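Read through the structure below, which is laid out as structure tokens, and then see the notes.
There are 2 protein chains.
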Amino acid sequence: MNKYEIIANEMRNRIKNNVYPIDQPIPDEVSLAKEFNSSRMTMKRALDNLVAEGLLFRKRGHGTFIIQSAIQDDHVHVVSNEILGLTNLLKDKKIQSKVIQFEVQFPTEEVAAHLSIDQKTPVYYVVRLRIVEGEPYVLEKTYMPTHLIPGINDDVLHDSIYNHITNVLQLKIAGTHRKIRACKSDHIDQQHLGCKQDDPILEVEHVGFLDTGIPFEYSFSRHRHDKFVVTSVNIRR
Amino acid sequence: MNKYEIIANEMRNRIKNNVYPIDQPIPDEVSLAKEFNSSRMTMKRALDNLVAEGLLFRKRGHGTFIIQSAIQDDHVHVVSNEILGLTNLLKDKKIQSKVIQFEVQFPTEEVAAHLSIDQKTPVYYVVRLRIVEGEPYVLEKTYMPTHLIPGINDDVLHDSIYNHITNVLQLKIAGTHRKIRACKSDHIDQQHLGCKQDDPILEVEHVGFLDTGIPFEYSFSRHRHDKFVVTSVNIRR
DNA sequence: TAGTGGTCTAGACCACACC
DNA sequence: GTGTGGTCTAGACCACTAG
């Protein structure tokens with residue numbers, strides 16, 4: 001654990017436990033740096049993290065303040081935590097996967113473009129229903145270049161593609177680009193997610209890329225509207 | 238303009254203009270710092286920004302690489318740019334506002350909690366249809382404590398509440414917390430957004446807070462599903 | 001082992017807000 | 001003016017990767 005993380009954790013606890021008055025600035029950076037026996041840059045970095053979390057706000061020339069509305073609800077960054085795949089995001093829950101479709105295709109122009117490949121490079125097309133604690137949770141449609149992610153089979157699909165990529169193939173996932181939108185549900189959604197005909201879907205379009213910068217996955221995750229919310233925090237700089 | 242911003246801009250241009258081979262690491266931080274006549278920390282900070290934008294990725298012990306899929310589409314951070322309100326986000330477009338409802342209420346428990354006030358503190362309740370280039374764009378339902386945001390009237394509502402807050406009241410908006418979800422449209426959505434009965438809605442729940450850390454706005458923005466997408470980029474650290 | 005990015009330091013000066 | 005956060009420096013050491 002780095003020093004700035006240790007300091008950030010301590011400060012987060014203090015703030016949540018009301019050690020600092022909510023309507024006053026917290027102590028200035030120089031004093032805090034002295035208290036934590038760190039340089040001011042390191043102290044600042046710790047506070048930067050809490051600012052990014054939406055817990056603190058800075059007023060240049062004035063001080064660093066607690067965001068009142070942040071203390072009440074414990075908001076979670078779904079967006080930024082979900083890089084690791086569902087199996088790792090919901091570690092404590094029982095997750096099952098039902099494979100609905102699994103084939104090899106030549107990609108459409110759109111899929112090829114998002115994967116940075118040409119249309120003659122074959123891709124896996126996987127449709128899976130992810131079931132969390134016995135409840136249908138999300139329907140995932142995934143395209144992956146076969147040459148990048150070899151060895152996909154039923155065992156992998158029933159477990160976790162992400163674990164296969166990171167543990168078996170020893171590849172490293174670097175990040176994702178996402179688009180979030182609302183859609184009508186189609187009959188496949190209704191059949192597998194158990195939603196009604198007029199229930200909407202929260203769709204997350206997703207490009208995942210490896211630590212080489214190469215995209216390895218282009219997917220559409222279709223969520224029941226009543227079971228999935230994306231949260232985000234934005235602090236002005 | 239700060240030095241790290243200048244450097245980031247230059248590097249962004251170089252990357253987008255293919256100055257650096259896409260499958261190779263870009264020059265190392267020490268060399269780049271020397272080239273830009275900066276310290277390594279400042280160089281790193283410039284690159285940090287490009288990493289946050291989803292343009293670059295770092296491999297510790299190896300180098301800094303270009304994310305291939307990032308160069309193709311010019312993805313925009315809707316989430317992080319929208320703090321300033323619709324009028325400022327879509328500056329070049331013609332925006333009209335139709336006031337559908339405007340009253341003063343005692344807040345429900347939920348609204349009071351999100352605004353950090355008690356249920357005896359009156360709030361404005363405003364429902365507005367925002368029309369962009371003549372097309373219905375979003376239906377906004379907004380709660381604001383009357384004592385924090387005084388002087389709301391029809392003129393303000395037809396222009397921009399955000400401009401009233403920042404220019405007239407001279408308050409400073411610090412940031413927002415958001416939740417994004419899909420909903421069914423109700424008859425009010427259908428009537429004003431011109432969507433069909435089975436069209437879904439992309440709803441953004443939103444708490445805005447001032448640079449004092451005090452929440453001033455709790456709102457629900459209901460978007461036509463075919464005209465609004467939220468994008469996000471996530472890079473693992 | 002050499003080279004890369006990650007962290008941390010101690011100090012400097014600047015920009016801004018309040019008195 | 002005084003005190004705050006914002007930026008920047010020059011250098012150090014650590015952690016990781018590749019050959």
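Respectively, the protein sequence lines represent chains L and R. Read in order, the letters of the first sequence correspond to residues 1 to 237 in the numbering used here. Read in order, the letters of the second sequence correspond to residues 238 to 474 in the numbering used here. We put the CB at the ideal spot given by N, CA and C, even for glycine. Just so it is clear, the structure is predicted and the values come from calculations on it, not from any experiment.
Checking the DSSP bridge columns, you'll see residue 445 of chain R partnered with R:413, R:454. Residue-level contact check: residue 195 of chain L does not touch chain R, since none of the beta carbons of chain R fall below 8 Å from its beta carbon. Residue 381 of chain R is positioned such that its CB atom lies closer than 8 Å to that of residue 360 of chain R. Around the CB of residue 451 of chain R, 16 or more other CB atoms lie within 10 Å, so the residue is classed as buried. Beyond the five residues adjoining it in sequence on each side, residue 401 of chain R comes within less than 8 Å, by CB distance, of 386, 388, 389, 393 in the same chain, given in chain order. Residue 248 of chain R has its alpha-carbon roughly 27 Å from the corresponding atom of residue 46 of chain L.
For the C-beta of residue 439 of chain R, the chain L residues within less than 7 Å are, from N- to C-terminus, 181, 182. In the DSSP assignment, residue 420 of chain R is bridged to R:438. Cβ contact annotation for residue 341 of chain R (same chain, cutoff 8 Å, sequence separation greater than five): 359, 360, 361, 362, 383, in chain order. Two segments are said to touch when three or more pairs of C-beta atoms, one from each, lie closer than 8 Å; by this definition the region 424-441 of chain R does not touch the region 404-414 of chain R. Residue pairing by DSSP leaves residue 403 of chain R without any beta bridge partner. If you look at residue 241 of chain R, you'll find it in the alpha helix (DSSP H) that goes 240-253. Bounds of the alpha helix (DSSP H) holding residue 279 of chain R are 277-289.
The Cβ atoms of residue 3 of chain L and residue 31 of chain L lie no closer than 8 Å to each other. Put simply, of R:262, R:423, R:285, R:292 the residue whose alpha carbon is nearest the alpha carbon of residue 298 of chain R is R:262. Taking a Cβ-Cβ cut-off of 8 Å, the neighbours of residue 229 of chain L in chain R comprise 416, 417, 418, given in sequence order. The beta strand (DSSP E) runs of length 3 or more contained entirely in the region 121-168 of chain L are, from start to end of the chain, 123-132, 135-145. Counting the other CB atoms within 10 Å of its CB gives residue 15 of chain L a total of 16 or more, which places it among the buried residues.
Taking C-beta separations shorter than 7 Å and ignoring five residues to either side along the sequence, the partners of residue 43 of chain L in its chain run 7, 29, 32, 33, 36, following chain order. Contact of residue 147 of chain L with chain R is not assigned, every C-beta pair being separated by 8 Å or more. Taking CB atoms only, residue 258 of chain R has no neighbour in chain L less than 8 Å away.
Counting only Cβ-Cβ distances below 8 Å, residue 24 of chain L has no contacts in chain R at all, with the closest Cβ about 10 Å away.
When 7 Å is used as the limit between beta carbons, residue 225 of chain L is near these residues of chain R: 418, 419, 420, in chain order. Residue pairing by DSSP places residue 64 of chain L opposite L:26, L:58 in a beta bridge. Contact annotation: residue 457 of chain R and residue 439 of chain R have beta-carbon atoms that are not nearer than 8 Å.
Contact note: residue 54 of chain L reaches chain R through 412, 414, using a C-beta cutoff of 8 Å and chain order.
Any Cβ of chain L closer than 8 Å to the Cβ of residue 353 of chain R would place that residue at the interface, and such an atom is present. Contact check for residue 142 of chain L against residue 217 of chain L passes: the beta carbons are separated by less than 8 Å. Around the CB of residue 134 of chain L, fewer than 16 other CB atoms lie within 10 Å, so the residue is classed as exposed. Nearest to residue 337 of chain R by alpha-carbon distance, out of R:352, R:368, R:355, is R:368.
Between the alpha carbons of residue 427 of chain R and residue 377 of chain R lies a distance of about 14 Å. For residue 336 of chain R, the enclosing beta strand (DSSP E) begins and ends at 332-342.
In this chain, residue 171 of chain L is not harboured by any alpha helix (DSSP H), its DSSP state being neither H nor E. The same chain holds no residue with a CB closer than 6 Å to that of residue 9 of chain L once the five nearest residues on each side in sequence are set aside. Residue burial annotation: residue 343 of chain R is exposed, with fewer than 16 other C-beta atoms found within 10 angstroms of its C-beta.
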